[in-house]
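Participant: The following block contains the structure, expressed as structure tokens.
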Amino acid sequence: MVTEKTADQLQQPAWSSSQVQDDDEVLEHDPKTDNRATSKSIRQKVTDVIFYVPPWCRYDPSQPPRFSIWYNVLFAFAGAFTVGNLYYNHPILNILAEDFNVPYVKVSRIPTLMQAGYATGLLFVCPLGDLLKRRPLTLGLIAFTATLWIGLCLTHSFEVFCVISYITAITTVIPQVMLPLVTELAPPNRRALAISITTSGNLLGLVSARLLSGVVTNFTSWRNVYWIALGLQYSILIVLWLFMPDYPSSNPEGLNYFKMIGGIMLLYPKHAVLVQAGLVSYCISACFTSYWTTLTFLLADPPYGYSPITIGLFALIGIAGIVMGPVYAKYLIQPFAPAFSCIAGCVVLGIGVTLGTYSGTHTVVGPIIQAFALDASFQITQTANRAAIHPIEPRGRNRVNTAFMLFTFMGQMTGTAAGAELYERGGWIASGSLSVGFVALALVTAITRGPYEQGWIGWGGGWDLRKQNLAEATGGAGTVAMLDVAPGPVAIEDGDRDGNGVHTVDVDMEKQGDGPKHEVK
């Protein structure tokens, strides 16, 4: 009898229909299961809403949206409202140190970690712009960042604050999604201006974040700064949801993500202009963040003893850089090769940093002049370098931008960490002297390789710093934005007002006479 029962048990399924029915009834009435299902349903609904494309934003290849000044300004504000996340802490580091009961050198980890997080996002998130559609990528990143930002508003733990700062910085890479998109959409005759407007938006975010942080903290709690930032992020999310076109992927056939990430490192040995632009950006960025990090300590300590609102008002100096950006683009960057703009920017910065460093402990005029020089040189060199690297890898502009910006934010991390450490040990002059060295390195890098040199060092192709183009070689059909490219295929973009056509040709650049000879194959 036992044997028969065992056989029956072996023949019967592990779950009989009655058992399944009973268990289903139990599951249906399980509160935990119901809560999980409800939570999943809510998340799905929120996701569906975020990624829904309104009819007026849907992309029509037969009638693509014209890249107008409206879209340029929209993308600039998207960068401004998000890049500010990195800079709200700068003017209130001394307040954060008091609130979390940590020394200056330790509280400086916050901006350092945020720059590290931003660099991480550049490497692992920004390349997705070559793989995915830019609209859902942008909206998803902003929604995630804004939601996680709530933790910064609430936490009382310094360690938790640092961790959340790092994670939110990873996804605060919207400006680096917008910039390649702008360079892709803008017509060649307006590309430098379009890049400048978008870069000015980033500077506006930087200035606004510092100003808002200083003013609000002076009258209320510093946490209100972060609550306001939360509202701004959700606001730009709504605006982009309403108006950002659903541009197609630049690689609709798809790419392997891991090969794409690995390929970023392979760009450096292929393109000398990318390495040169990156090194200049590294040095300028190190000066930039070292100054703004240590300036808070200088102005808060004797002999100045300024309040947070006064320190925050120093950010208004950056408005000059925002206003002058389009002027630089039109009269300094657009007519000339990138080398000229980079050299000019380094010279201006060298003068400003020297004056600010060695007079800053005696008069506030020196740091003010240094701030003007920093904003001007940063705007000039960043716009020129982006224009220089634009022609390389036409279908991988997000990866090229990532490769370039890795230098930029490694420089910012270096400037923040080294500047704070040197200020702790030797004061304002010690940290400023490091910036003087960075400016010297940037200037040497800029003059080591000419605008038409195809190798790594030299001025082959001539000394003419005016921009060259391929209009004559192509019969007026197209131009290259900057002939500061490596040998091989480059993008020849139609000069129509919409800037929609992109054609790839092989360009041989040979040294002949006073300038390079261009042969289109």
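Mapping of the sequence shown onto the UniProt record's numbering: position 167 corresponds to residue 167, and the numbering continues sequentially without gaps. C-beta: ideal position from N, C-alpha, C; glycine also. These numbers come from a predicted model, not from an experiment.
Pick helix, strand or coil for G458, following the three-state DSSP scheme.
Facilitator: The residue you call residue 458 lines up with position 458 of the sequence shown. Three-state result, G458: strand.
Participant: Quick check: I174 and V53, are their CB atoms within less than 9 Å of each other?
Facilitator: In the sequence shown, the residue the question calls residue 174 occupies position 174. In the sequence shown, the residue the question calls residue 53 occupies position 53. In this structure, V53 does not lie closer than 9 Å to I174 by Cβ.
Participant: Put R449 into one of helix, strand or coil per three-state DSSP.
Facilitator: What you label residue 449 is simply residue 449 of the sequence shown in a count that begins at 1. Of the three classes helix, strand and coil, the one that applies to R449 here is strand, per DSSP.
Participant: Which residue marks the beginning of the alpha helix (DSSP H) containing Y226, and which one marks its end?
Facilitator: As a first step, residue 226 must be located in the sequence shown, where it is residue number 226. Element bounds for Y226: 223 to 243.
Participant: What is the residue span of the alpha helix (DSSP H) that A60 lies within?
Facilitator: As a working note, residue 60 is residue 60 in the sequence shown. According to the sequence displayed, residue 60 carries Asp and not Ala. Where D60 is concerned, there is no enclosing alpha helix (DSSP H), given that its DSSP letter is neither H nor E.
Participant: Would you identify the three-state DSSP class for F336, choosing helix, strand or coil?
Facilitator: Taking the first residue of the sequence shown as position 1, residue 336 is located at position 336. F336: strand per DSSP, three-state reduction.
Participant: With a CB to CB cut of under 8 Å and the five nearest residues on each side skipped, what residues in its chain are close to C325?
Facilitator: As a position in the sequence shown, residue 325 is number 325, starting the count at 1. The residue asked about is misnamed: residue 325 is Gly in this sequence, not Cys. For G325, where only same-chain residues beyond five positions count, the Cβ hits under 8 Å are S196, I197, T199, S200, L203, Q379, T383.
Participant: Taking 8 Å as the cut-off, is the beta-carbon of V49 closer than that to any non-hydrogen atom of the ligand GDP?
Facilitator: Absence of the ligand GDP is noted for the structure shown, with no ligands found whatsoever.
Participant: Say whether chain C places a C-beta atom closer than 9 Å to the C-beta of G458.
Facilitator: Among the chains of the structure shown, chain C does not appear; only one protein chain is present.
Participant: Between the alpha carbons of F81 and G461, how many angstroms are there, rounded?
Facilitator: Here the question's residue 81 lines up with position 81 in the sequence shown. Here the question's residue 461 lines up with position 461 in the sequence shown. So the alpha carbons of these two residues sit roughly 42 Å apart.
Participant: Reducing DSSP to helix, strand and coil, say where N101 ends up.
Facilitator: What you label residue 101 is simply residue 101 of the sequence shown in a count that begins at 1. Three-state result, N101: coil.
Participant: Provide the residue span of the alpha helix (DSSP H) that contains L128, from first to last.
Facilitator: Walking along the sequence shown from the start, residue 128 turns up at place 128. L128 -> no alpha helix (DSSP H), and no H or E assigned at all.
Participant: With H, G and I counted as helix, E and B as strand and the rest as coil, what does DSSP make of residue 592?
Facilitator: Given that the chain is displayed from residue 1 to residue 521, the structure contains no residue 592 and the question cannot be resolved.
Participant: What's the call for Y331, buried or exposed, on a 16-neighbour Cβ count within 10 Å?
Facilitator: Within the sequence shown, numbered from 1, the residue matching residue 331 stands at position 331. Y331 is exposed by the Cβ-count criterion.
Participant: Give a yes or no on contact between the stretch 341 to 351 and the stretch 300 to 313, applying the rule of three or more CB pairs nearer than 8 Å.
Facilitator: No, they do not touch.
Participant: What do you get for P127, buried or exposed, if any count of 16 or more other CB atoms within 10 angstroms of its CB means buried?
Facilitator: Numbered from 1 along the sequence shown, position 127 holds the residue referred to as residue 127. The residue in question, P127, is buried, as its Cβ has 16 or more Cβ neighbours within 10 Å.
Participant: In three-state DSSP terms, what is V73?
Facilitator: Counting from one through the sequence shown, the residue named residue 73 turns up at place 73. Note: V73 maps to helix in three-state DSSP.
Participant: Give the DSSP-derived three-state secondary structure of Y358 in the structure shown.
Facilitator: Locating residue 358 in the sequence shown gives position 358, where the first residue counts as 1. Helix.
Participant: Looking at the structure shown, is A186 part of a helix, part of a strand, or coil, going by DSSP?
Facilitator: Counting from one through the sequence shown, the residue named residue 186 turns up at place 186. Three-state result, A186: coil.
Participant: Between the C-alpha atoms of S221 and A209, what's the straight-line distance to the nearest angstrom?
Facilitator: In the sequence shown, the residue the question calls residue 221 occupies position 221. In the sequence shown, the residue the question calls residue 209 occupies position 209. So the two alpha carbons sit approximately 15 Å from each other.
Participant: For the candidate residues L206, F258, L211, whose alpha-carbon lies nearest to that of I322?
Facilitator: As a first step, residue 322 must be located in the sequence shown, where it is residue number 322. Considering only alpha carbons, the answer is L206.
Participant: May I ask which residues mark the beginning and end of the alpha helix (DSSP H) holding F378?
Facilitator: Residue mapping note: residue 378 aligns to position 378 of the sequence shown, counting from 1. Start and end: 365 to 389.
Participant: Give a yes or no on contact between the stretch 395 to 413 and the stretch 111 to 130, applying the rule of three or more CB pairs nearer than 8 Å.
Facilitator: Verdict: yes, contact present.
Participant: Does the distance from the CB of A417 to the CB of S108 come in under 9 Å?
Facilitator: If you number the sequence shown from 1, residue 417 lands on position 417. If you number the sequence shown from 1, residue 108 lands on position 108. Against a cut-off of 9 Å, the Cβ pair of S108 and A417 comes out as a contact.
Participant: By how many angstroms is the C-alpha of L74 removed from the C-alpha of F243?
Facilitator: Locating residue 243 in the sequence shown gives position 243, counting from the first residue. Locating residue 74 in the sequence shown gives position 74, counting from the first residue. Their backbone Cα atoms lie some 9 Å apart in a straight line.
Participant: Per DSSP, what kind of secondary structure is K106 in: helix, strand or coil?
Facilitator: For the purposes of this step, residue 106 is taken as residue 106 along the sequence shown, with counting starting at 1. Reduced to three states, the DSSP call for K106 is helix.
Participant: Out of A388, E98, E424, point me to the one whose CA is closest to G278's CA.
Facilitator: As a working mapping, residue 278 is identified with position 278 in the sequence shown. Residue A388 is the option with its Cα nearest to G278.
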